[in-house]
Amino acid sequence: QGKSTVIFAAASMRNALDAAMADYKKNTGKDVKISYAGSSTLAKQIEQGAPADIFISADTQWMDYVDGKGLIDKATRKDVFGNALVMVAPKDSTKSVAIGPDMKLADLLGSDKLAMADTNAVPAGLYGKQALTKLGQWESVQGKIAQAADVRAALALVSRGEAPLGIVYATDAKADPKVKMVATFPADTHPPIVYPAALVKNAGLDAKAALDFIESDAASHFFKEQGFTFLPAY
Amino acid sequence: MWSPSPEEMTAIRLSIRVASVATLASLPVALAVAMLLARGRFPGKSLLNGIVHLPLVLPPVVTGYVLLLTFGRMGPVGHFLQANFGIVLAFRWTGAALAAAVMGFPFQVRAMRLSVEAVDRKLEQAAATLGASAPIIFTTVTLPLILPGIFAGAVLAFAKSLGEFGATITFVSNIPGETQTIPSAIYSLIQTPGAEGEVLRLALVSVAISFVALMLSEMLARQTGRRWASV
Amino acid sequence: MWSPSPEEMTAIRLSIRVASVATLASLPVALAVAMLLARGRFPGKSLLNGIVHLPLVLPPVVTGYVLLLTFGRMGPVGHFLQANFGIVLAFRWTGAALAAAVMGFPFQVRAMRLSVEAVDRKLEQAAATLGASAPIIFTTVTLPLILPGIFAGAVLAFAKSLGEFGATITFVSNIPGETQTIPSAIYSLIQTPGAEGEVLRLALVSVAISFVALMLSEMLARQTGRRWASV
Amino acid sequence: MLDVFIDLSRGEFALQASFRAGVGATAIFGRSGAGKSTLVAAIAGLVRPNAGRIALGDRVLFDSAHGIDLPVRRRRVAVVFQESRLFPHLSVRRNLLYGRWAGRRSGGSSFDDVVGLLGIEALLDRKPGRLSGGEAQRVAIGRALLSGPELLMMDEPLSHLDGARRAEILPFLERLATESGIPILYVSHAMDEVIRLADQLVILDKGMVAAAGPLEDVLNRIDLGAISGLAEAGSVLMTEVAGQVTDYALTRLALGEQELLVPEIAAATGERIRLRVLADDVAIALERPKALSIRNVLAAEVTEVAHGTGAHADVLLAIGPQRLRSRLTRQSVAELGLVAGKPVFALIKSVAIRRGGGES
Amino acid sequence: MLDVFIDLSRGEFALQASFRAGVGATAIFGRSGAGKSTLVAAIAGLVRPNAGRIALGDRVLFDSAHGIDLPVRRRRVAVVFQESRLFPHLSVRRNLLYGRWAGRRSGGSSFDDVVGLLGIEALLDRKPGRLSGGEAQRVAIGRALLSGPELLMMDEPLSHLDGARRAEILPFLERLATESGIPILYVSHAMDEVIRLADQLVILDKGMVAAAGPLEDVLNRIDLGAISGLAEAGSVLMTEVAGQVTDYALTRLALGEQELLVPEIAAATGERIRLRVLADDVAIALERPKALSIRNVLAAEVTEVAHGTGAHADVLLAIGPQRLRSRLTRQSVAELGLVAGKPVFALIKSVAIRRGGGES
Ligand SMILES: Nc1ncnc2c1ncn2[C@@H]1O[C@H](COP(=O)(O)OP(=O)(O)OP(=O)(O)O)[C@@H](O)[C@H]1O
Ligand SMILES: Nc1ncnc2c1ncn2[C@@H]1O[C@H](COP(=O)(O)OP(=O)(O)OP(=O)(O)O)[C@@H](O)[C@H]1O
Ligand code: MOO
Ligand SMILES: [Mg+2]
Ligand SMILES: [Mg+2]
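Here the protein sequences come in this chain order: C, W, A, U and R.
The opening residue of the first sequence carries number 1 in the working numbering; numbering runs sequentially from there.
The opening residue of the second sequence carries number 1001 in the working numbering; numbering runs sequentially from there.
The opening residue of the third sequence carries number 2001 in the working numbering; numbering runs sequentially from there.
The opening residue of the fourth sequence carries number 3001 in the working numbering; numbering runs sequentially from there.
The opening residue of the fifth sequence carries number 4001 in the working numbering; numbering runs sequentially from there.
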């Protein structure tokens, strides 16, 4: 038995990946350790020689980053999961939102804030910004956005009632009983939300098996349960 | 590349404002708590001491959540403040200042407490025999003698405010011009591939501001604290 | 729900180890720097003072990156240490301790420096006239007199280590059993829907540990620091 | 009038003291560790007695029976501490004026007078850290004097001062004690200071009052030497100004029918003057000596002879109703055949003068 | 042998001092602020002179010309500071033994002797914060004595002690000065202490040495009173033990052809004894008095009369080759017709005895 496989995964994957890998460990008896952090942090750590065998990024740009530095095994890179972008409101909210070019989001907000993840950096924020731009809303709501450090923090703002509306992933919205999903952004308003995975160069022997398991149908239900879409190899 | 963008300038100005207000506004409270901890004898002293240290012990994000739960618009204190005094902290720079103040609080208290404990109480006794009342003794004897500790505490709190990020962004999020301080701006940049240069620039600005603050406090401390020392 | 999972137990144990090692290992260095800043007169003193405060001023994440770039396996110091002494810090608990030590350093130095500045140098002079050499004077006179400051600094650093998150996760990542401390674990949980209970539980564990440390340091300080005070 | 009755403990040390001190100076004497500073601290309100009562005039400062414990600042009791306790961050001037400025006190002596007397004009803008030991002590005295107290307590205030400086300050304190109308408690080891300054004497021994009362009475009791640590014993004579000898800067004092000459005192004829005489300064002759530089020769009668163990013996003399003590060698006592009832002449070489009112 | 020549400034104050001090005690006299403590600090190495040279025996402690500046701890110079400077965190015992324990010093007096002498047995386990002023001073003396110094400097070490305690400690210091073979610098305002203890005297005035030399010489110079702040001037007589009067616990001392009686000294016949006599304690008679308790009457000749401004005048007498100073009222001087060359009798009431070797 070699050293345990180390997965560097975007923090938002935690529930699903923990469950999947617990199953993997039970079946194979092999040890797996997962380090969850922001994709940018993980990417830079891999750049600095972190002992990661598998990298699962929350977006393509940080996978591109490590890819560009020649740090991953290109052949193993795959977009494994997908997610949807949704608009949420506190559970007891009476607001109804119809997403479209004439949604008048700014009026809907009034003096309140729209909670999002960082719109310049965090993937969820970037996607949201692209969607709002495409829908012609960005200009008017730009000054009313409360940018949180990550999606979870944005969700908390809505969940706590600090913000009447927020843009988060479907996976997050689903898990929080204090919010309700009021609308889903059409897939064509933003680039596809994908989670690429790849083996890091010089990965351990067991890593390939672990990655294969993550991408396998056997594991797919762990991810679907949390609201991810599962992207079969394309 | 070395001159900050207008948006960055806004963040810098805001950071300075937040750090200054946080430091100055929490100073009297910290001083009172430091006096209590150094001099007081009361049940629950250890508890108070523990609470003062909480913002250190908890991850900043947790502190931010606690602030959000308490001082947010829906939080009990936040609601009360808004309803009765029209004070809103959530999503405002005042909230950023509150977060910074809370995060810097333990350092202020500790530095002041150390100085208070070093004061020779015989001098305060002498002042009392000369007719000075407790508040007068405090301002004319104790306070001047603990100035080094106050400066040290203030500088620590100010520096911490400049660097504070986790609690701030969690509590008041990151609204350019309102709550986006230097660290929040840096955080955004760090998540962006290829923005290393900008990160460096903003970090250097922080460092420069804190150097000025440091020098200032050292100067003040030298002028007061050590002027009366014997050679 | 109130008993921690095995993984959490690991994080708790690791946190205590990291905080203890970080505090104790940085203590002598902090003391030396505090002495230098309090007593020394040399060019570049302001610079040293500024550098000591850097970990406060910079957002923890930036400090973490700086550590990663310097002490990482590819970093100059990290590479040197590994090549020559086989010491690896990156992605090890030792790295977490380094991050915690760096983040707690400014507090240690400040508290100690305040105490050093409060020491009556006439006592050290008296010791010299009695034949004591500089190191002996330091250990028999100065050190006992600054113990309150040392305790205060150590407690601040220890508490900060328990709460430190940004620099740690950036430098050594968040690997269970190796570098996942309580705050990193809390971070993971915060990112997980529906884990509020677990966040609370871990936060309370942190608080409990720090309370014990606080009480201990207060006790020690009382036993030494105040025992010689006149009534 | 200060009325003290206290019972306190401090560590293993216990103090039980009960005495009264009238207007004018009361000296507190006692060996090192006897409890003098503790007594001062208790009266000032800095140490709390277990039980007792302290009253200053009609103001009760402390009364355990009635639960009265006036805060320090309300006691109007100024203290010159044994260790000066100057405020290190304030200039000498600010230190001196602290009572007026921070304590809102008025009255007391004039600033210029005090500064001039203490010779600290040049120091006014310095910080206490840069004063010499004696300079600091003088500033501490000034600070207390300027706070307009109703009781002034001084704990060895002149211990670090040279003879000349003492000689300047003592008359001022003396005048203060006489004129100010406030009680002064004066802790000192220097007998000459005490004799000069004090009307009353309290002797502390291991926390207990071994003797208290008018200086004359206490000093004339021969047995106190060992307890009080008085190297020098002495006595007090009450006189009246008889006239001045301006040519020689001397003053004639009447002591009953007899006369004494002392260095000039500015006092009107008929004014009462108390003299303090150290036992060591009194010699005894069987016949009136002639052509001798000692001009003060008083006819007296031996009333008591106390033989010590060493070379010395103490002889108590009566001059009319007054008592004078002399310390001689035992050999002189034997050779002169001194016994109670023998008429002799007392030769007084030098005297300390203390002007003062009634018997107190 | 201590050889001091220094030039230093401290704030506005400047000190220029040059003197030598042999084995035995050298007193440093001077008014408050004259620079005594600064001088002590400079010799100990705590204040750095601008220029000068300090040598102790053949060890050069400081020499600006040769760039020598021995670190404080190597100077082996123990100091009893004016403000005690006890280590607050150490027990009295640890304070006392600090020189041996932390300074690795040996030699000096025995622990039990010192503790017994100073009467601090009961305090050994206390912290200095709980000592009285005089107790702290005694501990500070003990600490210096126990550090085995090659030079002992004491800055008003007995200022807070009562007469009896002084009387116990002084003989010990006296013995130390004589027997230890190390120089002692002794800062004091008390003339009796100085007269008793010191062989040499350095008088500082405003940072300058106004006079320095053998105690006898300096004291016999009449003009120093004002500068030194000596309330009491005095002189020194060299005598030889002529015999004992055991019945009365007295010792007979020969002074040339004449004799003096002093309280018993344990000394063999023929041993040389130095006597210190205060000018105030010397009276003058034109004829040898009879039936007088003052037994010490010496035939002498007036050599000089110095009139002061007040009531007093100083008269310098010659007794063979030796000089004795007397302070009288101007009236006495006039009435006795004292002028240089007149034969008189000097009456000495009391003396302080200081046993000692050569002329120093
Ligand atoms: N740290 C200092 N800085 C500047 N001046 C000082 C300092 N210490 C003392 N002085 C001044 O130097 C002079 C000499 O002081 P020093 O302490 O030597 O006097 P001293 O003779 O010991 O007096 P005292 O008998 O009062 O103790 C004084 O005028 C004093 O004001
Ligand atoms: N803070 C204290 N705690 C316990 N004991 C003390 C304290 N201060 C003084 N003592 C003890 O109390 C006794 C009286 O002390 P105090 O200071 O009153 O003496 P003192 O008469 O002023 O002596 P001195 O002439 O030496 O100053 C001493 O035995 C001393 O050791
Ligand atoms: O330590 Mo924090 O992670 O943001 O301040
Ligand atoms: Mg005392
Ligand atoms: Mg001095």
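The beta carbon of each residue, even a glycine, is placed where N, CA and C say it ideally should be.
- Between the stretch 1001-1016 of chain W and the stretch 80-96 of chain C, the count of C-beta pairs closer than 8 angstroms stays below three; the two stretches do not touch.
- Between D4112(R) and A4051(R), the C-beta spacing is not below 9 angstroms.
- Within the model, the alpha-carbon separation for V86(C) versus H190(C) is close to 12 angstroms.
- Just so you know, the alpha carbons of R4075(R) and V3245(U) end up roughly 58 angstroms apart.
- The set of residues whose C-beta lies within less than 6 angstroms of a heavy atom of ligand 5 reads, in chain order, S3132(U), G3133(U), K4036(R), S4037(R), Q4082(R) and D4155(R).
- With fewer than 16 other beta carbons inside 10 angstroms of its own, T3269(U) counts as exposed.
- If you check the CB distance, G1153(W) and L2056(A) do not come in under 9 angstroms.
- Counting C-beta pairs with one atom in each stretch, the stretch 3241-3257 of chain U and the stretch 3061-3074 of chain U have fewer than three that are closer than 8 angstroms, which means they do not touch.
- By the Cβ rule, the stretch 3147-3165 of chain U counts as touching the stretch 4189-4198 of chain R, because three or more pairs are nearer than 8 angstroms.
- Exposure of Q2223(A) is indicated by the presence of fewer than 16 other C-beta atoms within 10 angstroms of its C-beta.
- Cβ-Cβ distances below 8 angstroms link I3054(U) to L3002, D3003, V3004, F3005, I3006, A3042, I3043, V3060, L3061, F3062 and D3063 in the same chain, with the five nearest sequence neighbours on each side left out; the list follows chain order.
- Counting along the chain, K208(C) sits inside the alpha helix (DSSP H) bounded by residues A207 to I214.
- Listed by position along chain U, the residues whose Cβ is nearer than 7 angstroms to that of P1144(W) are H3089.
- Among the CB atoms of chain U, one or more fall inside 9 angstroms of the CB of E4287(R).
- If you draw a straight line from the Cα of A203(C) to the Cα of P51(C), it is about 9 angstroms long.
- Counting C-beta pairs with one atom in each stretch, the stretch 2101-2120 of chain A and the stretch 2158-2177 of chain A have three or more that are closer than 8 angstroms, which means they touch.
- Distance between E225(C) and A16(C), taken at the CA atoms: about 8 angstroms.
- Taking every protein chain shown into account, the CB of F1042(W) has fewer than 16 other CB atoms within 10 angstroms, so this residue is exposed.
- Using a CB distance cut-off of 9 angstroms, V1077(W) does not count as an interface residue toward chain A.
- With a cutoff of 9 angstroms on beta-carbon distance, R3094(U) and V3047(U) are scored as not near each other.
- Using beta-carbon distances, P1043(W) does not count as an interface residue toward chain A, since no partner is under 9 angstroms.
- If you draw a straight line from the Cα of G3142(U) to the Cα of G3116(U), it comes to about 10 angstroms.
- When the Cα atoms are used, G4256(R) and L3204(U) turn out to be separated by approximately 47 angstroms.
- Under the 9 angstroms criterion on CB atoms, N1174(W) is classed as non-interfacial with respect to chain A.
- Check the Cα spacing between G125(C) and each of A89(C), K201(C), E215(C) and G166(C): the tightest is with G166(C).
- Remark: C-beta atoms of A4078(R) and L2202(A) do not approach each other more closely than 9 angstroms.
- In this structure, F3013(U) has its CB closer than 8 angstroms to one or more heavy atoms of ligand 2.
- As computed with DSSP, K78(C) is found in a beta bridge with A197(C).
- Looking at the DSSP output, F1138(W) shares a beta bridge with no other residue.
- In this structure, V2207(A) has its beta carbon at no less than 8 angstroms from each heavy atom of ligand 4.
- Using a CB distance cut-off of 9 angstroms, G4045(R) counts as an interface residue toward chain A.
- In this structure, the CA atom of H3089(U) is about 9 angstroms from the CA atom of G3129(U).
- Between T2023(A) and A2157(A), the alpha-carbon positions lie close to 6 angstroms from each other.
- Just measuring C-alpha positions, the residue of A187(C), L211(C) and D206(C) sitting nearest A84(C) is A187(C).
- Listed in chain order, the alpha helix (DSSP H) runs fully inside the stretch 4016-4050 of chain R are 4036-4044, counting runs of at least 4 residues.
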